[in-house]
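K.L.:
Before we start, here is the structure in question, set down as structure tokens.
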Amino acid sequence: MVKSTDSRQTQTRQGRRPPELQRAEQQRAQETRTAILNAAFAEFASKGFEAASIRSIAERIGLQHPLITYHYRTKDILWEAVAQHVFERIGHEWEGYLSVEPPSSAVEGVRLLYRALFKFTMNFPEFHRFMLQEILEYSPRLQWLADTVLRPMIERLLPLLRQAQDEGALPRIEPALLHYLMISLTSTLSTFGAEMMATSKLSASDPKVMDAYWNTVEELIFGARPGALHVVQPVPAEAKPARARQPSPQAAKAPRRAARG
């Protein structure tokens, strides 16, 4: 026992750190990388790749600029790490949904996977903006994105979509078209949230709005009725007293009819 203790002390004196210290440092490094990826995700989504800067990302989380380049040497490497990080999170969401509610049919599996994606995009509205930055420009990063994360994602969904078509639950069109139809539906609230608030006083982040919207999508696409739809009434910023309706000049001049007995 004494020999073992002396051996550990000798290793420590020679520069080898105790295992518990190494684990703590690894944990801190992982937390730092996650914070960098989250900040970079927001930066790339709001500004696009070209306008985003490592320095600005560092400022978002109060880190020194060299610490980011220590973990991710270039902006390109950081962007790719962000994309992989985001799609890994989507994969975890999918696994969570499928484990909690094992699908009884192909169409049920399709419904659950797109519902999980919708929920993810509502929790992280930057996702569609992040993607849109690359899609609008057809950037060099888009092909990398397609090869690395998008195609594997689609290849997982297409067999399920075909099975659901074979079950007669979905229209018989090219499954990839169905996929992009669903992608567009998952992005509606996160894309048009500000416009909805300006025109209708509906908040895209309101759980009632989210439930009403996605329940409607599922009913229209899958014929599913997971629950009663929420009826959402716009709430004005300031309650204004109702104004009495003024008759038009023509109505004012028109003779009144006698009341029938």
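Numbering-wise (the UniProt record's numbering), the sequence shown opens with residue 1 and increments by one.
All C-beta atoms, glycine included, are put in the ideal place defined by N, C-alpha and C.
For clarity, every value in this text was computed on a predicted model and none was experimentally measured.
(1) Should the segment 159–179 be regarded as contacting the segment 108–126, the criterion being three or more beta carbon pairs within less than 8 Å?
(2) Return the residue from the list Ala35, Leu160, Ser53, Ile68 that minimises the CA-CA distance to Ser104.
(3) For the pair the segment 19–28 and the segment 51–58, tell me if three or more CB-CB distances fall below 8 Å.
(4) Would you check if the segment 29–39 and the segment 67–84 touch, i.e. whether three or more CB-CB distances between them fall below 8 Å?
(5) Ignore the nearest five residues each way along the sequence and tell me which others in Pro19's own chain have a CB closer than 8 Å to its CB.
(6) Using the Cβ count rule (16 or more neighbours within 10 Å means buried), how would you classify Arg17?
(7) Using only the alpha-carbon positions, how far apart do Met197 and Phe118 sit?
(8) Taking 8 Å as the threshold, find out whether the segment 64–74 comes into contact with the segment 139–152 through three or more Cβ pairs.
(9) Could you pull out every unbroken beta strand (DSSP E) segment of at least 3 residues lying fully inside the segment 73–161, listed in chain order?
(10) When DSSP labels each residue in this structure, what does Lys208 get in the three-state scheme?
(11) Helix, strand or coil for Glu43, going by three-state DSSP, please let me know.
(12) For Gln40, which residues in the same chain have their Cβ closer than 6 Å to its Cβ, ignoring the five residues on either side in sequence?
(13) Going by DSSP in three states, Leu63 sits in which element: helix, strand or coil?
(14) In three-state terms, what does DSSP make of Ala24?
(15) Considering only the beta carbon of each residue, do Gly193 and Gln133 sit closer than 7 Å?
(16) Where does Arg100 land, buried or exposed, given buried means 16+ other C-beta within 10 angstroms?
(17) Determine the extent of the alpha helix (DSSP H) in which Ser200 is found, giving its start and end residues.
(18) Apart from the five residues just before and just after Thr191, which ones in its own chain have a Cβ nearer than 7 Å to its Cβ?
(19) In this structure, how does DSSP classify Arg33 when only helix, strand and coil are distinguished?
(20) Given this structure, state the Cα-to-Cα distance separating Asp166 from Pro140, to the nearest angstrom.
(21) Alpha carbon to alpha carbon, how far is Leu185 from Val209? Give it in angstroms, no decimals.
(22) Output yes or no for whether 7 Å exceeds the beta carbon distance between Glu95 and Ala116.
P.N.:
Let me spell this out:
(1) yes
(2) Measuring from the Cα of Ser104, the nearest candidate turns out to be Leu160.
(3) no
(4) yes
(5) none
(6) By the neighbour-count definition (other C-beta atoms within 10 Å, threshold 16), Arg17 is an exposed residue.
(7) 19 Å
(8) no
(9) If you keep only unbroken beta strand (DSSP E) runs of at least 3 residues inside the segment 73–161, you get nothing at all.
(10) helix
(11) helix
(12) Contrary to the premise, residue 40 reads as Ala rather than Gln in this sequence. If we look at Ala40 and ignore the five residues flanking it on each side, its Cβ neighbours are Ile57, Leu78, Val82.
(13) Coil at Leu63, not helix or strand.
(14) helix
(15) no
(16) Checking the sequence, you will find Val at residue 100 rather than Arg. Classification for Val100: exposed.
(17) 188–200
(18) His128
(19) Arg33: helix per DSSP, three-state reduction.
(20) Straight-line Cα distance between these residues: approximately 37 Å.
(21) Rounded to the nearest whole angstrom, the CA to CA distance from Val209 to Leu185 is 14 Å.
(22) No, the pair does not count as a contact, with Cβ atoms beyond the cut-off.
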